[in-house]
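Everything on this sheet refers to the single structure shown next.
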Amino acid sequence: MNNWNDKYYYPKEIFEQADAISNCLTAISGDIEKICTSHKEIGEIHIVGSGDCYFISIAAAEAFKKITGLHAYGYEAYDYFLNKPAITAKTMVILFSSSGKSLYVLKSAEYAIEAGAVTIGVTNHADSPLGTMCTYPLVTVGTGTSRSFPTKTTTSALALLYQMAYEIGKLNGMLSGKECRELEEELSEKIPDMIRKIYETEHEKLANASQMFLGARCYTFVGSGPSRTTAITGAAKLVETSRLHVTFCNAEEYLHLHGFSVKSSDVVVVIGNNISNHREVQVVEYAKKQCARVLVVGDVPVENHGENILQVADFIKGLSSWGVTLASLVVIHLFACELSKKAGIDPDIPHEVDLKSVIEMLYTGPVAGWQV
Numbered sequence: 008m009n010n011w012n013d014k015y016y017y018p019k020e021i022f023e024q025a026d027a028i029s030n031c032l033t034a035i036s037g038d039i040e041k042i043c044t045s046h047k048e049i050g051e052i053h054i055v056g057s058g059d060c061y062f063i064s065i066a067a068a069e070a071f072k073k074i075t076g077l078h079a080y081g082y083e084a085y086d087y088f089l090n091k092p093a094i095t096a097k098t099m100v101i102l103f104s105s106s107g108k109s110l111y112v113l114k115s116a117e118y119a120i121e122a123g124a125v126t127i128g129v130t131n132h133a134d135s136p137l138g139t140m141c142t143y144p145l146v147t148v149g150t151g152t153s154r155s156f157p158t159k160t161t162t163s164a165l166a167l168l169y170q171m172a173y174e175i176g177k178l179n180g181m182l183s184g185k186e187c188r189e190l191e192e193e194l195s196e197k198i199p200d201m202i203r204k205i206y207e208t209e210h211e212k213l214a215n216a217s218q219m220f221l222g223a224r225c226y227t228f229v230g231s232g233p234s235r236t237t238a239i240t241g242a243a244k245l246v247e248t249s250r251l252h253v254t255f256c257n258a259e260e261y262l263h264l265h266g267f268s269v270k271s272s273d274v275v276v277v278i279g280n281n282i283s284n285h286r287e288v289q290v291v292e293y294a295k296k297q298c299a300r301v302l303v304v305g306d307v308p309v310e311n312h313g314e315n316i317l318q319v320a321d322f323i324k325g326l327s328s329w330g331v332t333l334a335s336l337v338v339i340h341l342f343a344c345e346l347s348k349k350a351g352i353d354p355d356i357p358h359e360v361d362l363k364s365v366i367e368m369l370y371t372g373p374v375a376g377w378q379v
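Throughout the sequence shown, residue numbering follows our numbering, covering 8 to 379 in sequence.
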């Protein structure tokens with residue numbers, strides 16, 4: 008187990024996220040500015056992806072709506088292709104696939120192009136189908152290639168989408184120059200520094216406590232507002248790295264519904280959003296009464312922690328609601344990593360399935376890191 012971190016890609020990529028975000032923004036900010044300046048007339052934004060690429064669209068769409076004043080929606084790619092929402096020449100469709108080969112991201116791109124939308128392909132590979140077919144490719148070369156389930160590409164792409172929202176907000180007058188500079192500084196400097204602090208202080212806490220969170224019947228991730236993205240991604244990481252049973256919800260739905268099924272054999276992960284913590288505090292108290300094991304991420308005040316509650320990264324309360332989503336993503340990546348490490352599971356590749364057949368269903372070609 009001593010060489011576990013060196014053996015697999017997933018733990019390595021977690022610790023590359025701070026630099027990946029900085030490098031990606033440095034490499035691509037000029038392209039974002041040019042795209043946004045050239046299309047100041049856009050009236051609606053669609054963000055399309057599958058898996059992590061869809062999960063981050065939820066937070067990104069909320070940022071676009073709040074910061075730009077435009078209608079913005081996050082779509083899962085297969086749903087987008089099936090529903091074919093109305094598109095005009097003033098619609099910007101941002102399609103995200105790390106490999107550039109996700110089947111229904113490409114079919115969605117074909118639909119958007121035929122409908123006359125401005126299409127932006129966010130991908131790690133310029134020569135991929137997505138990179139070559141869109142109006143503008145945004146190639147996240149600064150992150151380096153992911154060779155496991157997405158980690159650094161997920162956080163870097165979300166940072167990229169936030170940067171685009173800030174730029175459009177500035178151009179259409181929804182953000183002052185000062186507000187834009189502050190948000191951009193948070194993205195390029197404060198968040199990478201905060202992530203490094205998470206590496207230095209919170210990783211050890213999670214590693215030391217991870218035994219407590221092993222063997223749960225179900226892991227429930229709770230996040231509201233932009234932090235819903237973190238909750239869904241957190242659930243996905245446990246499925247991907249350890250093949251565990253998971254669910255996710257926002258705080259209101261936990262109180263109305265999901266909490267009824269939680270038992271002492273379960274784990275509940277509650278993620279702060281830096282907007283309000285009222286319901287999150289109640290979720291923690293509810294889970295405590297059910298004797299569940301609870302992980303609290305961020306600014307959620309907890310009284311009487313007890314032996315079954317661990318709180319980490321409360322210092323990220325100094326970030327915006329957009330920034331806290333990026334920082335808390337790193338925490339849940341580390342959490343998933345430590346659980347798979349303690350269980351002795353390969354976090355990179357799900358050997359329990361016929362991976363070749365799965366890739367043939369999901370993608371239009373081989374995927375980096377999964378050469379099967």
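C-beta atoms are modelled at their ideal positions from N, C-alpha and C, and glycine is treated no differently.
Keep in mind the model is a prediction, meaning the values are calculated, not measured.
Fewer than three Cβ pairs drawn from the region 361-377 and the region 259-275 lie within less than 8 Å of each other, which leaves the two stretches out of contact. Gly330 sits in a helix when the DSSP states are folded into three classes. Of the other Cβ atoms in all chains shown, 16 or more fall within 10 Å of the Cβ of Ala320; this residue is therefore buried. The residues Ile52, Leu77, Ala79 and Ala172, in chain order, have a CB closer than 7 Å to that of Phe71 in the same chain once the five nearest residues on each side in sequence are set aside. For the options Leu346, Tyr15, Arg224 and Ala242, the alpha carbon positioned closest to that of Ala299 is the one of Arg224. According to the DSSP assignment, Tyr82 belongs to the beta strand (DSSP E) that extends over His78 to Glu83. Sixteen is the threshold: when 16 or more other Cβ atoms of the shown chains lie within 10 Å of the Cβ of Met201, as they do, the residue is buried. Under the three-state reduction of DSSP, Cys256 is assigned to strand.
For Arg300, the enclosing beta strand (DSSP E) starts and ends at Arg300 to Val304.
Contact check for Thr98 against Ala124 passes: the beta carbons are separated by less than 8 Å. The C-beta of Ile282 has fewer than 16 other C-beta atoms within 10 Å across all chains shown, which makes the residue exposed.
Just measuring C-alpha positions, the residue of Ile198, Lys177 and Tyr293 sitting nearest Lys73 is Lys177.
Apart from the 5 residues on each side of it in sequence, Lys41 has no Cβ closer than 6 Å to any other Cβ in its chain. Apart from sequence neighbours up to five positions away, the residues of its chain that approach Thr75 with a beta-carbon distance below 7 Å are Ala172, Ile175, Gly176, Asn179 and Met181, ordered along the chain. Gly138 counts as buried, since at least 16 other C-beta atoms from the protein chains shown sit within 10 angstroms of its C-beta. Taking 8 Å as the upper bound for CB-CB distance, Ile120 and Tyr143 are not in contact here, some 12 Å apart.
The beta carbon of Tyr370 lies closer than 8 Å to those of Ser106, Lys108, Ser109 and Leu110 in the same chain, with the five residues before and after it left out. The alpha-carbon separation between Val275 and Gln297 amounts to approximately 10 Å. One thing to note: Glu259 has its Cβ within 8 Å of the Cβ of Ser231. Counting only runs of at least 3 residues, the region 110-198 fully encloses the following beta strand (DSSP E) elements, listed from N- to C-terminal order: 125-130 and 143-146.
CA-CA distance, Glu287 to Lys295, rounds to 12 Å.
Tyr15 sits in coil when the DSSP states are folded into three classes, being neither helix nor strand. In the structure shown, Ile54 adopts extended strand secondary structure according to DSSP, grouped into three states. Following the DSSP letters along the chain, one finds Thr98 inside the beta strand (DSSP E) bounded by residues Thr98 to Phe103. Proximity to Ser29 across Asp13, Thr150, Asn90 and Leu113 peaks at Thr150, based on C-alpha coordinates.
Val301 and Val309 have their alpha carbons spaced roughly 11 Å apart. Secondary structure note for Gly325: it is in no alpha helix (DSSP H), with a DSSP letter that is neither H nor E. Out of Leu89, Val253, Ala66 and Val290, the CA that lies nearest to the CA of Leu336 is found in Ala66. Inter-residue distance for Ile39 and Gly330 is about 19 Å (C-alpha atoms, whole angstroms). Under DSSP, Ile74 takes part in no beta bridge, so it has no partner.
Judged by DSSP secondary structure, Val275 falls outside any alpha helix (DSSP H) and instead within the beta strand (DSSP E) spanning Val274 to Ile278.
Around the beta carbon of Gly241, 16 or more other beta carbons lie within 10 angstroms, which makes this residue buried.
Between the alpha carbons of Glu189 and Lys324 lies a distance of about 16 Å. If one requires a minimum length of 4 residues, the alpha helix (DSSP H) runs lying completely within the region 340-371 are 362-369, in chain order.
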